[in-house]
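J.: In the UniProt record's numbering, the protein residues as written are 1 to 82.
This is the structure, below, for whatever I ask next.
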């Protein structure tokens, strides 16, 4: 991910309910933490940041698979077999 993730804005579930469209519009440019009495319950993040986060998670999962398979059995294949 190119951008660090942090929510600089916080609002309550009640505030979210009162101004949903404005909050969603604001979340298009920066992450927003949504809270209730127990603490943070959700994050609203810009779509591009969310997609970057999903890609990063996928990359981490693939790296984990590579590490698990490192040193295992191998076999040569031609480009045509791929």
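Cβ atoms here follow ideal geometry from the backbone N, Cα and C, with glycine treated the same way.
Would you list the one or two residues that DSSP bridges to residue 34?
T.: Answer is 11 and 42.
J.: Applying the 10 Å Cβ sphere with the 16-neighbour rule, what's the burial state of residue 44?
T.: With 16 or more other Cβ atoms within 10 Å, it is buried.
J.: Note down the Cα distance separating residue 70 from residue 64, rounded to an integer number of angstroms.
T.: Taking the straight line joining both Cα atoms gives about 10 angstroms.
J.: Whether or not the segment 23-36 and the segment 5-13 are in contact is what I'm after, with contact meaning three or more pairs of Cβ atoms, one per stretch, closer than 8 angstroms; do they touch?
T.: These segments touch.
J.: Which value, in whole angstroms, describes the spacing of the CA atoms of residue 30 and residue 51?
T.: Looking at the two C-alpha atoms, the distance is approximately 14 angstroms.
J.: When burial is assigned at 16 or more other CB atoms within 10 Å of the CB, is residue 87 buried or exposed?
T.: Here the chain has residues from 1 to 82 only, and residue 87 is not among them.
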